[in-house]
Amino acid sequence: MKLTSLRWIAGIWLAAFAVPLCTHAQEFKIGSREVQVHGFGTQGYVKTNDNNWLTMNTSGDGSGAFTDMGLNMGMQINSKLRIGGQFYDRKLGKLGDWEPLMDWAMVDYHPKPWLGFRAGKVKTVLGLFTDSQDMDFANTFALLPQSVYPIDLRDSTIAHEGGDIYGREKLAHNLGSIAYTAYGGRRADNMNSGYPYLLTGYGIKLTSYGGPVFGGDFRWNPPVHGLTVGISRLNEMITGRGSYNGEAGVPAQPNYWEKSKHDWTNQFYGRLVKEKFHAESEYRRYLRDQTIFSGLSWVETDVRGWYVGGGYTINKWIEAGSYYSHYRINPSGGAGVASSYPDAQLHDYDKVVTAKFTVNKYTYFKVEGHFMDGNGTALYPAGFYANVNSNGFADNTNALVVRTGVSF
Amino acid sequence: MKKLLFAFQLIALASIFVVQAKAQVIVIANPGVKASEVSKNDLKDVFTGASTTLGGASVVPILLKAGTAHEEFLQAYIGKNDTAYRAGWRSLVFSGQATMPKSVDGDAAVVEFVAHNNGAIGYISKSSPHDGVKVLTVR
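If you're matching them up, the sequences are chains A and B in order. So the numbering used here is basically just the index in the first sequence, starting at one, shifted up by 422. So the numbering used here is basically just the index in the second sequence, starting at one, shifted up by 868.
Laid out in structure tokens, this is it:
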């Protein structure tokens, strides 16, 4: 482990024990209204037996280039109106690059339980964990199932600039309750994200990537205590612009563009929480049909991912968990796009075991093992990038992930 | 047979302790809150951020920072320990869905807040003075 990683870990642990001493710093007043301040930070270390993973140099000595943090402020104006915002910063191998981002910033008006409005930059509701995927302290696993929540593609679904309509209503006859969210707006990816990074390997340097998005989520809490089932849908019309140097065999294009023909995601999910036990499963299909190379070619990727997992809290300090994550991609394309791939590049089946240790109410650490069959490297990012695997890919990868964090 | 009887006695004894533990905490609300009773599920929804209303009216939960009443309340009505409970709230806060409920030191501070804030709902030890607030029956 590199010295810088050790420094980060030491810093986070120091903060963890300092936080309880300065909890009064979590709020201050503007006029008569209270402003809450919260934050979180994590530091990870990843070691693989083969293949560099998540754009880090994880083989060899492993990598500690796995850090993120967020700072949040919020104010309840009155019982129906709330404002807030959050900065987020991360370094994940070649991604993030410490560029601070406005994670979300919005006004929330909630006049009725069944009707609320959010406007600004709003976290996108997609399945169980898209909007809470950064809250490592709340998750059992150091890495959520990558078939459905790829950490390298966080930017692509995390938030939209626009608005939500949402609400929750109890059903008659003891049928439980339902909740809905409908949203529309625009997505704008950071250029230090996984997809732009993947394209650099093909000689394409994007300067912008985003476009209109709209979708919704509907979930039902049936009378079975602790059970949630739901469905989400996301539609996108994405345009990418930049330059292309001719590396992929198609003539160079200084004013490169690519554009969605069809781009949608369907997600189905269920979760059961019973005291010390939780189990969840989700299925996500992501279809992406794009015109690329400024109209000279096309590419379609049909990604189907699902997982089943769960966790059990053994005592107040230890939680154990496991999941199986199943990723499969069906790629096709025109000029400049490979026509066939070995099977290992079309799938990534990941078996995971984890242990989460709670140190105190602010601090934890996790130790996790991943046993991956396949690398899923065909055409679309799935954790393994040719850019950092210049000698090609091994079919299978085992990984050790250690992650510690603090939140207040 | 004797062993079976002994086991039943143990279970019965344990049940008494559980009931007594639950009975040590009462749920209080501002007198302006119309509801006089609350279901366990509704109470859990309010105190986990899933709902902001009770009987159709807005409510504002207030928490104890720590202590026996706090632990008993979480155990009896939320089903989580304090660390997991606050992590759940922080998850809502960081995803922009809520602000964290106010936490105060001691039952007197809870009673003070609940008595003077419309829609406020909290919990205290049964033995603590609670003038100026109403006690909600938990169904």
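Idealized CB from N, CA, C, for every residue including glycine.
Same chain, Cβ closer than 6 Å to residue i, neighbours up to 5 away in sequence not counted
| i | result |
| --- | --- |
| residue 711 of chain A | 683, 684 and 722 |
| residue 530 of chain A | 504 and 540 |
| residue 545 of chain A | 526, 553 and 581 |
| residue 549 of chain A | 654, 689, 691 and 704 |
| residue 759 of chain A | 721 |
| residue 991 of chain B | 893, 895 and 941 |
Any C-beta of chain A under 8 Å from that of residue i
| i | result |
| --- | --- |
| residue 955 of chain B | yes |
| residue 1007 of chain B | no |
| residue 919 of chain B | yes |
| residue 967 of chain B | yes |
| residue 987 of chain B | yes |
Sequence-distant residues of the same chain with beta carbon closer than 7 Å to residue i, five excluded per side
| i | result |
| --- | --- |
| residue 729 of chain A | 567, 569, 570, 703, 704, 745, 746, 747 and 748 |
| residue 598 of chain A | 642, 643, 644 and 645 |
| residue 739 of chain A | 779 and 780 |
| residue 674 of chain A | 666, 667 and 668 |
| residue 912 of chain B | 945 and 946 |
Cross-chain neighbours of residue i in chain A, by beta carbon under 8 Å
| i | result |
| --- | --- |
| residue 928 of chain B | 501 |
Cα-Cα separation, residue i to residue j
| i | j | result |
| --- | --- | --- |
| residue 755 of chain A | residue 495 of chain A | 45 Å |
| residue 824 of chain A | residue 777 of chain A | 10 Å |
| residue 488 of chain A | residue 802 of chain A | 22 Å |
| residue 1005 of chain B | residue 896 of chain B | 9 Å |
| residue 833 of chain A | residue 668 of chain A | No statement about residue 833 of chain A is possible, as the shown extent of chain A runs from 423 to 830 and does not include it. |
| residue 603 of chain A | residue 814 of chain A | 43 Å |
| residue 506 of chain A | residue 537 of chain A | 19 Å |
| residue 787 of chain A | residue 565 of chain A | 12 Å |
| residue 980 of chain B | residue 555 of chain A | 37 Å |
| residue 782 of chain A | residue 926 of chain B | 33 Å |
| residue 627 of chain A | residue 522 of chain A | 21 Å |
| residue 797 of chain A | residue 994 of chain B | 59 Å |
| residue 724 of chain A | residue 770 of chain A | 14 Å |
| residue 490 of chain A | residue 772 of chain A | 23 Å |
| residue 763 of chain A | residue 799 of chain A | 9 Å |
| residue 751 of chain A | residue 726 of chain A | 6 Å |
| residue 513 of chain A | residue 466 of chain A | 10 Å |
| residue 960 of chain B | residue 666 of chain A | 42 Å |
| residue 583 of chain A | residue 451 of chain A | 28 Å |
| residue 587 of chain A | residue 964 of chain B | 14 Å |
| residue 706 of chain A | residue 687 of chain A | 7 Å |
| residue 978 of chain B | residue 997 of chain B | 11 Å |
| residue 795 of chain A | residue 572 of chain A | 16 Å |
| residue 1000 of chain B | residue 826 of chain A | 45 Å |
| residue 563 of chain A | residue 818 of chain A | 21 Å |
Contacts that residue i makes with chain A (C-beta to C-beta distance below 7 Å)
| i | result |
| --- | --- |
| residue 949 of chain B | 738 |
Chain B residues whose Cβ lies nearer than 9 Å to that of residue i
| i | result |
| --- | --- |
| residue 560 of chain A | 952, 955, 956, 958, 959 and 962 |
| residue 697 of chain A | 947 and 948 |
Neighbour flag for residue i against chain B, beta carbons, 8 Å
| i | result |
| --- | --- |
| residue 446 of chain A | The predicted position of residue 446 of chain A is uncertain, since its pLDDT is 43 and thus under 50; no value can be drawn from it. |
| residue 676 of chain A | no |
| residue 532 of chain A | yes |
| residue 780 of chain A | yes |
| residue 590 of chain A | yes |
| residue 753 of chain A | no |
| residue 458 of chain A | yes |
| residue 829 of chain A | yes |
| residue 554 of chain A | yes |
| residue 557 of chain A | yes |
| residue 462 of chain A | yes |
| residue 789 of chain A | no |
| residue 644 of chain A | no |
| residue 535 of chain A | yes |
Beta-carbon contacts of residue i that lie in its chain and below 8 Å, excluding the five residues immediately before and after
| i | result |
| --- | --- |
| residue 737 of chain A | none |
| residue 596 of chain A | 645 |
| residue 810 of chain A | 474, 477, 478, 479, 515 and 516 |
| residue 910 of chain B | 919 and 922 |
Proximal chain B residues relative to residue i, where beta-carbon distance stays under 8 Å
| i | result |
| --- | --- |
| residue 640 of chain A | Neighbours of residue 640 of chain A on chain B: none; closest Cβ ~16 Å, over 8 Å. |
Under 8 Å between C-beta atoms of residue i and residue j
| i | j | result |
| --- | --- | --- |
| residue 836 of chain A | residue 662 of chain A | Since the first and last residues shown for chain A are 423 and 830, residue 836 of chain A lies out of range. |
| residue 805 of chain A | residue 574 of chain A | yes |
| residue 937 of chain B | residue 893 of chain B | yes |
| residue 917 of chain B | residue 987 of chain B | no |
| residue 972 of chain B | residue 932 of chain B | yes |
| residue 633 of chain A | residue 659 of chain A | yes |
| residue 816 of chain A | residue 577 of chain A | no |
| residue 468 of chain A | residue 482 of chain A | no |
Within chain B, the residues that residue i reaches when beta carbons sit closer than 7 Å
| i | result |
| --- | --- |
| residue 783 of chain A | 950, 951 and 954 |
| residue 545 of chain A | 963 and 964 |
| residue 528 of chain A | 964 |
Residues of the stretch 492-519 of chain A with Cβ closer than 8 Å to any Cβ of chain C, in chain order: Within the model displayed, chain C is absent; protein chains A and B are what it includes.
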